[in-house]
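Asker: One structure, as structure tokens, below. Some questions next.
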Amino acid sequence: MFRTLYGKLSVALVAIVFAIAALYAALTLFATRHHLQATEQRLNRDLARDLVADRNLVEAGRINESALKGMFHDYMIINPSIEIYLIDLKGKILSFSADPGVVKRKRISLEPVRAFLSGDAAYPLLGDDPRSHDGRKAFSVTPVPSDENPQGYLYVVLLGERVDSIAALLHTSFIARYSALALIVSVVVGSLAGLVVLRAMTRRLRRLTHHIDRFRAAGFRASEPFTTGGPGNDDGNGDGDGDEIAQLGRTYDEMAARIGEQLDALEKTDALRREMVAHVSHDLRTPLATLHGYLETLKLKDVELDPAERERYLAVALDQSERLRRLVGDLFELAKLDAHEQAPVCEPISLAELASDIAQKFQLEARHRGSTIDIDAADGLPMVDADIALVERVLENLIDNALSHSPDGGAIRIPIAAEGDAVRVMVSDSGPGIAPEHLPRVFDRFYQADNAHRGTAHAGLGLAIAKRIVELHGARLEVESALGRGTTFSFRLPAYAPASPSSAT
């Protein structure tokens, strides 16, 4: 129990309550004694002077020794609560009314005496207690035989024995016992009430802990919401209204939801990773096996092969080597794009001119297939703000993909037109199109829809690279396709807006 927050708070609460009770009792005893001494000293301030006058202690300007001894004897019997001492001007005790065995001092300090006689001191003013080496008690004092001719002081200790008896009485009296009992009952009841309040206040915290334990036991996958959004409160139970526990509960709900999303994303990423590894292994194994086989044949049958066969073997080996080079290059490029290591360096470029230059690279292959590549650019197109190298890579991948998926004699069209404050580029082919069930996955890495062109040397990374580059420009690569009517890829780039002189400054 003491390992829980409630247990620790309970121990702290009980300790604080008992400490407060002890402090209260100590302060009460101190205040009672202080008040008793102050009251007694005020009431008996002139006691010493009255004793001198009533007992005729001064006769002919001198202390009457016999009257002094008689007073000592009478007050020791009649009123033992006070103690009378005769001291000289240096504080030495000359005689006293108490039993000789109880007086332990030979002299007392005169500083409290002078303060008392000055009349400026606050009560209680405590002086030395001759019955104790370090005790101090309230007193009354007067010079003797007179103020004008002091030869010593009559020093009267008030409540000498009574103070000690009062302390004992406080421990044994009926009122003291019941006061102590009332204090103990108050402490116990206060502690129990505090424990009940603490338990109620920590109930939501225990419930949150229970939610977290269940969330952990479920493998961080299934989480019951802590906050239910009940009216007027934060957790639907009417016991929280924006306090720290409610905030902690909302944070837990957000964290649990975020963890679930991240776990789902990690599972999807892991599935994609396994799929990618499988595709990479397959796409690397095939050209490597072909390359290795032809190179091994060239080595074993070098003297038996005629120049035409050797040339054919070398051409196949080079073709497979080129396929490996392109695959590895695409993988590295895609990894750099995913890691944000290649940020666009934008500048004003002409999409029509860039598309025409790139189309020229594919004209030879297009004529070999009997296909055509046509650029349809509107007049007066604005420049676009983009990275020319990255956009070139996008157009190369899209034109190469269109050429690869178009039959011989097909047509590839590249319309470029202005749309508001942007320029749209479309690359359309006359291929067989993509079935609706395959369309959502055309940008997946290594994905190749089943069609007549599955046997091409493409590994399925070109469209993924193009999509990532377009996204780095803040745009989106879109696709439209229908079976038997070809496929069109398109994207929009923002038009270049030169900075005005005012904004430049």
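Note that the sequence shown covers residues 365 to 869 in the numbering used here. A virtual CB, placed ideally from N, CA and C, is assigned to each residue, including glycine.
Taking residue 374 as part of the alpha helix (DSSP H), name the residues at either end of that continuous run.
Answerer: As a first step, residue 374 must be located in the sequence shown, where it is residue number 10. Note, residue 374: alpha helix (DSSP H), 369–407.
Asker: Mind checking whether residue 431 and residue 421 have CB atoms under 8 Å apart?
Answerer: Here residue 431 refers to the residue found at position 67 of the sequence shown. Here residue 421 refers to the residue found at position 57 of the sequence shown. Their beta carbons are under 8 Å apart, which means residue 431 touches residue 421 by this criterion.
Asker: Under three-state DSSP, which class holds residue 667?
Answerer: Along the sequence shown, one-based indexing puts residue 667 at 303. Coil at residue 667, not helix or strand.
Asker: At what residues does the alpha helix (DSSP H) containing residue 841 begin and finish?
Answerer: Counting from one through the sequence shown, the residue named residue 841 turns up at place 477. Neither: residue 841 is in no alpha helix (DSSP H) and is coded neither H nor E.
Asker: Report the CB separation of residue 517 from residue 505 in whole angstroms; it is logged as a contact under 8 Å.
Answerer: Taking the first residue of the sequence shown as 1, we reach residue 517 at position 153. Taking the first residue of the sequence shown as 1, we reach residue 505 at position 141. So it is a contact: roughly 5 Å between Cβ atoms.
Asker: By how many angstroms is the C-alpha of residue 856 removed from the C-alpha of residue 834?
Answerer: Residue mapping note: residue 834 aligns to position 470 of the sequence shown, counting from 1. Residue mapping note: residue 856 aligns to position 492 of the sequence shown, counting from 1. Using only the alpha carbons, I get a separation of about 9 Å.
Asker: Thinking just about the alpha-carbon of each residue, which of 687, 808, 562, 661 is nearest to the one in residue 676?
Answerer: By 1-based counting over the sequence shown, the position of residue 676 is 312. Among 687, 808, 562, 661, the Cα nearest to that of residue 676 is on 661.
Asker: Since residue 516 sits in a beta bridge, which residues does DSSP pair it with?
Answerer: Here residue 516 refers to the residue found at position 152 when the sequence shown is read from its first residue. Answer is 452, 508, bridged to residue 516.
Asker: Within its chain, find whatever has a CB closer than 7 Å to the CB of residue 670; leave out the 5 residues flanking it on each side and keep chain order.
Answerer: Walking along the sequence shown from the start, residue 670 turns up at place 306. Counting only Cβ-Cβ distances below 7 Å, and skipping sequence neighbours, we find nothing.
Asker: Going by other Cβ atoms of all chains shown within 10 Å of its Cβ, with 16 needed for buried, is residue 780 buried or exposed?
Answerer: Taking the sequence shown and counting its residues from 1, one reaches residue 780 at position 416. With 16 or more Cβ atoms within 10 Å of its Cβ, residue 780 is classed as buried.
Asker: Where does residue 593 land, buried or exposed, given buried means 16+ other C-beta within 10 angstroms?
Answerer: Here residue 593 corresponds to residue number 229 of the sequence shown, with the count starting at 1. The predicted position of residue 593 is uncertain, since its pLDDT is 48 and thus under 50; a value taken from the coordinates is nonetheless stated next. The residue in question, residue 593, is exposed, as its Cβ has fewer than 16 Cβ neighbours within 10 Å.
Asker: Please tell me whether residue 435 and residue 409 are closer than 8 Å, where the distance is taken between their beta carbons.
Answerer: Here residue 435 is taken as the residue at index 71 of the sequence shown, counted from 1. Here residue 409 is taken as the residue at index 45 of the sequence shown, counted from 1. Contact: no.
Asker: Can you name, in chain order, every residue of its own chain whose Cβ lies under 8 Å from the Cβ of residue 595, other than the five neighbours on each side?
Answerer: Counted from its first residue, the sequence shown places residue 595 at position 231. For residue 595, the predicted structure reports a pLDDT of 40, less than 50, and the residue's modelled location is therefore unreliable. The matter cannot be settled from this model.
Asker: Might you give, ordered along the chain, the residues of its own chain that have their beta carbon closer than 8 Å to the beta carbon of residue 739, omitting 5 neighbours on each side?
Answerer: Position 375 of the sequence shown, counted from the start, is the residue given in the question as residue 739. In chain order, 716, 719, 720, 723, 778, 780 place their CB closer than 8 Å to the CB of residue 739, counting only its own chain and leaving out the 5 sequence neighbours on each side.
Asker: Could you check if residue 709 is buried or exposed, using at least 16 other CB atoms within 10 Å of its CB as the buried criterion?
Answerer: Taking the first residue of the sequence shown as 1, we reach residue 709 at position 345. That one is exposed.
Asker: Taking the straight line between their C-alpha atoms, what separation do you get for residue 847 and residue 808?
Answerer: Sequence index remark: in the sequence shown, residue 847 carries index 483 (1-based). Sequence index remark: in the sequence shown, residue 808 carries index 444 (1-based). Between residue 847 and residue 808, the C-alpha separation is close to 20 Å.
Asker: Is the Cβ-Cβ distance between residue 614 and residue 591 less than 8 Å?
Answerer: To locate residue 614, count along the sequence shown from 1; it is residue 250. To locate residue 591, count along the sequence shown from 1; it is residue 227. Their beta carbons are under 8 Å apart, which means residue 614 touches residue 591 by this criterion.
Asker: What number of angstroms, rounded off, separates the C-alpha of residue 816 from the C-alpha of residue 634?
Answerer: Along the sequence shown, read from residue 1 onward, the residue named residue 816 stands at position 452. Along the sequence shown, read from residue 1 onward, the residue named residue 634 stands at position 270. Only weak support is given to the placement of residue 816: the predicted model assigns it a pLDDT of 42, under 50, and the value that follows is read from those uncertain coordinates. Taken atom to atom, the span from the alpha-carbon of residue 816 to that of residue 634 is near 30 Å.
Asker: Can you give me the C-alpha to C-alpha distance between residue 612 and residue 578, rounded to a whole angstrom?
Answerer: Counted from its first residue, the sequence shown places residue 612 at position 248. Counted from its first residue, the sequence shown places residue 578 at position 214. Taking the Cα positions, residue 612 is about 17 Å away from residue 578.
Asker: Which stretch, first to last residue, makes up the alpha helix (DSSP H) that contains residue 786?
Answerer: Numbered from its first residue, the sequence shown carries residue 786 at position 422. Here residue 786 belongs to no alpha helix (DSSP H); instead the beta strand (DSSP E) covers 786–792.
Asker: Report the residue from 673, 861, 496, 829 whose alpha carbon sits nearest the alpha carbon of residue 314.
Answerer: A query on residue 314 cannot be resolved here, the shown segment of the chain reaching from 365 to 869 and no further.
Asker: Report the three-state DSSP secondary structure of residue 772 (helix, strand or coil).
Answerer: Residue 772 sits at position 408 when you count from the first residue of the sequence shown. Residue 772 falls in the coil class under three-state DSSP.
Asker: Residue 713 and residue 758 look like a contact to me (Cβ under 8 Å); what is the Cβ gap, rounded to whole Å?
Answerer: Taking the first residue of the sequence shown as position 1, residue 713 is located at position 349. Taking the first residue of the sequence shown as position 1, residue 758 is located at position 394. Their Cβ separation, rounded to whole angstroms, is 12 Å, which puts residue 713 and residue 758 out of contact at 8 Å.
Asker: Scan the region 720–746 and note each continuous alpha helix (DSSP H) run of 4 residues or more that stays entirely inside, going in chain order.
Answerer: none
Asker: For the putative contact between residue 473 and residue 455, defined by C-beta atoms under 8 Å, what is the C-beta separation to the nearest angstrom?
Answerer: For the purposes of this step, residue 473 is taken as residue 109 along the sequence shown, with counting starting at 1. For the purposes of this step, residue 455 is taken as residue 91 along the sequence shown, with counting starting at 1. At roughly 6 Å, the Cβ-Cβ gap stays under 8 Å, so residue 473 and residue 455 are in contact.
Asker: Look up residue 748 in the DSSP assignment and give the residues it is bridged to.
Answerer: Locating residue 748 in the sequence shown gives position 384, counting from the first residue. For residue 748, the pairing in a beta bridge is given by DSSP as 713, 859.
Asker: Near residue 736, which residues of its chain fall below 6 Å by C-beta distance, leaving aside the five closest residues on each side in sequence?
Answerer: To locate residue 736, count along the sequence shown from 1; it is residue 372. Answer for residue 736: 775, listed in chain order.
Asker: Assess, as a yes-or-no matter, whether the region 543–550 is touched by the region 565–580 under the definition of 3 or more beta carbon pairs within less than 8 Å.
Answerer: These segments do not touch.
Asker: Looking only at its own chain, which residues have a Cβ that is under 7 Å from the Cβ of residue 485, when we skip the five neighbours before and after it?
Answerer: Position 121 of the sequence shown, counted from the first residue, corresponds to residue 485. Hits under 7 Å: 479.
Asker: Roughly how far, in whole angstroms, is the beta-carbon of residue 681 from the beta-carbon of residue 658, given that I think they are within contact range, below 8 Å?
Answerer: Counting from one through the sequence shown, the residue named residue 681 turns up at place 317. Counting from one through the sequence shown, the residue named residue 658 turns up at place 294. Yes, residue 681 and residue 658 are in contact; Cβ-Cβ is about 4 Å, under 8 Å.
Asker: Give the straight-line distance between the Cα atoms of residue 729 and residue 663, rounded to the nearest whole angstrom.
Answerer: Residue mapping note: residue 729 aligns to position 365 of the sequence shown, counting from 1. Residue mapping note: residue 663 aligns to position 299 of the sequence shown, counting from 1. In a straight line, the C-alpha of residue 729 is about 32 Å away from that of residue 663.
Asker: Just mark residue 804 as buried or exposed, buried being the case when its beta carbon has 16 or more other beta carbons within 10 Å.
Answerer: By one-based count along the sequence shown, residue 804 stands at place 440. Residue 804 should be labelled exposed.
Asker: By Cβ distance, which residues of its chain are closer than 8 Å to residue 890, with the 5 residues on each side in sequence left out?
Answerer: Shown here, the chain extends from 365 to 869; a query on residue 890 therefore has no answer.
Asker: Taking all protein chains shown into account, decide if residue 470 is buried (16 or more other Cβ within 10 angstroms of its Cβ) or exposed.
Answerer: Translated into the one-based positions of the sequence shown, residue 470 becomes position 106. Exposed, because fewer than 16 other Cβ atoms sit within 10 Å of the Cβ of residue 470.
Asker: Can you tell me where the beta strand (DSSP E) holding residue 584 begins and where it ends?
Answerer: Translated into positions along the sequence shown, residue 584 becomes position 220. Neither: residue 584 is in no beta strand (DSSP E) and is coded neither H nor E.
Asker: Buried or exposed for residue 513, going by 16 or more other Cβ atoms inside 10 Å?
Answerer: Numbered from 1 along the sequence shown, position 149 holds the residue referred to as residue 513. The residue is exposed, with fewer than 16 neighbouring Cβ atoms inside 10 Å.
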